[in-house]
Amino acid sequence: MASRTICRSAVLGSLALTLVAGPAHAVDGRPAAAEPAVPAELPAPDTAGLGRLLRTALTQGAPGAMARIDDHRTVYDDHAVVYKATEGVADRGTAEAMNTADRFRIGSVTKTFSAVVLLQLAAEGRLKLDTSVNHYLPGLLPDDRITVRHVLSHRSGLYDYTDDMFAETVPGFEAVRTKVFTYRELVARSLKHPLTHAPGAVYAYSNTNFVVAGLLIEKLAGHSVRTEYENRIIKPLRLTDTFYVHPDTKIPGRHAHGYLTPDDTKAALVDATDQTVSWAQSAGALISSTHDLNTFLSALLGGRLLPAAQLAEMERWIPAGTAQAYGLGLRRRDLSCGVSVYGHTGAVQGFYTYAFTSKDGRRSLAALVNTSNNGAVQVTMLGTLESAFCGKQTKVRSAAPLPRPDAENDLAR
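Every letter in the sequence shown is one number past the one before it in numbering that gives the first Met the number 0, and letter 60, counting from 1, is 59.
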């Protein structure tokens with residue numbers, strides 16, 4: 000039986016953060032994407048609108064949907080307010096209801112974790128953003144002009160190997176579901192193709208970039224990406240629902256099942272929950288929860304994970320599609336009410352994730368549907384940002400449809 004809940008509760012832990020609006024800095028000598036002014040106050044979230052969007056996602060083919068807003072801008076009795084909404088089921092087999100405590104695969108939100116680790120290494124003097132990747136990993140890439148900054152901002156020109164891997168959605172997935180790849184094997188798949196553009200020329204989303212990021216982390220830190228995620232982010236922030244289990248196939252503990260939509264939309268959904276995600280690794284293999292994602296992004300934008308200089312580098316924006324820009328492993332979305340939000344989206348077989356926070360980190364949204372390869376659902380879930388950050392003041396858009404959620408499209412295409 001489908002479940003529907005919307006609730007509001009108070010939780011401990013009000014944040015005290017300083018709001019700073021910085022100028023847009025040039026990137027590689029070109030003007031950066033201008034950053035809108037930060038409003039002093041955000042309107043209250045539109046929880047009714049949020050619920051309607053989740054129900055719409057179910058009518059479009061998602062078995063379940065959920066969202067959590069942690070609002071440290073609205074405080075009662077020194078406690079921040081939490082809004083939770085769920086619809087539908089986490090498991091079609093058992094009809095277990097979706098719950099915001101469920102863990103799930105976060106796909107490309109992993110990229111923000113990877114970027115944080117590399118920027119921490121930069122703060123420690125072990126990495127320079129404008130140095131060639133080949134300086135640290137000799138001979139890995141075909142062009143010495145590709146820098147660490149180019150990789151983290153998707154401007155390397157490296158072909159996205161997942162375009163070939165998932166040209167056919169379900170057969171492509173089944174072919175790699177239980178496989179274990181090395182990082183270099185994935186890079187080699189990319190290098191079967193020439194560069195798509197000169198290094199630094201344009202933004203072009205490619206999972207290959209963050210496979211290279213994983214190689215850099217392991218070379219410079221001397222540990223696995225799992226160890227670095229745990230020691231630098233997961234343990235310090237007490238993210239008890241966040242795991243990097245590769246190459247294990249199971250999501251530990253309570254979790255939502257993920258259902259992959261075949262290219263033939265009349266065909267049955269495929270339960271894609273169990274997989275190695277070895278085809279993504281540092282580009283998309285983390286597991287988390289709505290609570291942990293909100294905690295992570297609030298800490299990041301609030302200045303608790305990176306020194307000011309490295310956070311400023313992360314926020315050097317370049318245009319990356321309609322009403323959005325990209326920094327270093329971090330996406331900015333400009334909403335209809337003039338508010339900008341910061342985070343990432345994630346698409347991995349069976350799951351779409353939206354995880355964003357306000358400029359000061361004091362209001363965060365994490366939203367999930369447990370299906371993928373469904374463009375209508377993906378666009379619907381984009382609307383959760385408007386409900387969470389613009390409230391009922393959302394401007395009426397023209398008759399034109401919403402823009403595609405991301406130039407990254409869908410990892411599991």
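Glycine included, every Cβ here is placed at the ideal spot set by N, Cα and C.
Close-in-space but distant-in-sequence residues of the same chain around residue i (CB under 8 Å, 5 per side omitted)
| i | result |
| --- | --- |
| G257 | F103, R104, D270, A271, T272, V347, Q348, G349, F350, N369, T370, S371 |
| Q59 | N373, A375, V376, T379 |
| L14 | Residue placement at L14 cannot be trusted, given a pLDDT of 25 that sits under 50; the coordinates are not used to answer. |
| D262 | E167, T168, V169, N372 |
| F180 | S277, W278, Q280 |
| A308 | A122 |
DSSP-derived helix/strand/coil call for residue i
| i | result |
| --- | --- |
| F172 | helix |
| S107 | helix |
| H71 | strand |
| L367 | strand |
| F295 | helix |
| D163 | helix |
| K391 | helix |
| K218 | helix |
| M65 | strand |
| L381 | helix |
| T55 | helix |
| I317 | strand |
| Y158 | coil |
| Q348 | coil |
| T207 | helix |
| S223 | coil |
| A374 | Position check: residue 374 holds Gly in this sequence, whereas Ala was assumed. DSSP places G374 in helix when its eight states are reduced to three. |
Contacts around residue i, its chain only, beta-carbon distance under 6 Å, and the 5 residues preceding and following it disregarded
| i | result |
| --- | --- |
| P306 | A122 |
| R148 | L128, D129 |
| L57 | E86, G87 |
| G171 | M164, F165 |
| R188 | Y160 |
| T264 | none |
| V116 | I216, E227, R231 |
Status (buried if at least 16 other CB within 10 Å, exposed otherwise) for residue i
| i | result |
| --- | --- |
| V201 | exposed |
| K178 | exposed |
| T321 | exposed |
| D291 | buried |
| K83 | buried |
| T168 | buried |
| G342 | buried |
| K249 | exposed |
| N230 | exposed |
| G92 | exposed |
| G283 | buried |
| K191 | exposed |
| D247 | exposed |
| H134 | exposed |
| L94 | Looking at the sequence shown, residue 94 is not Leu but Ala. Exposed is the call here. |
| R253 | exposed |
| G476 | Residue 476 lies beyond the residue range present for the chain, which begins at 0 and ends at 412; the question has no answer from this structure. |
| H153 | buried |
| K110 | buried |
| H245 | buried |
| P44 | buried |
| A66 | buried |
| A47 | exposed |
| D69 | buried |
| L18 | Since pLDDT at L18 reaches only 29, below the 50 mark, its modelled position is unreliable, and the value read off the structure follows with that caveat. It is exposed - the Cβ of L18 has fewer than 16 other Cβ atoms within 10 Å. |
| P62 | buried |
Short Cβ contact (9 Å threshold) for residue i with residue j
| i | j | result |
| --- | --- | --- |
| L215 | L118 | no |
| A114 | A212 | yes |
| F242 | L285 | yes |
| A100 | D240 | yes |
| F295 | L236 | yes |
| A366 | A64 | yes |
| Y228 | F112 | yes |
| S155 | P198 | yes |
| V175 | V150 | no |
| L120 | T383 | no |
| A255 | A89 | yes |
| L157 | I145 | yes |
Same chain, Cβ closer than 7 Å to residue i, five either side skipped, listed in chain order
| i | result |
| --- | --- |
| L41 | R72, V338, S357, R362, F388 |
| V186 | L139, T207, V210, V211 |
| A32 | A23, W316, I317, P318, A324 |
| Y182 | V210, G213, L214, Q280 |
| R54 | E86 |
| S386 | P44, D45, G48, L49, L52 |
| R225 | Y243 |
Residue-chain proximity (residue i, chain D), Cβ-Cβ < 9 Å
| i | result |
| --- | --- |
| Y325 | No chain D appears in this structure, which consists of one protein chain only. |
Entirely enclosed alpha helix (DSSP H) segments - the segment 250 to 302, minimum 4 residues: As far as the segment 250 to 302 is concerned, its whole alpha helix (DSSP H) runs of at least 4 residues are 289 to 300.
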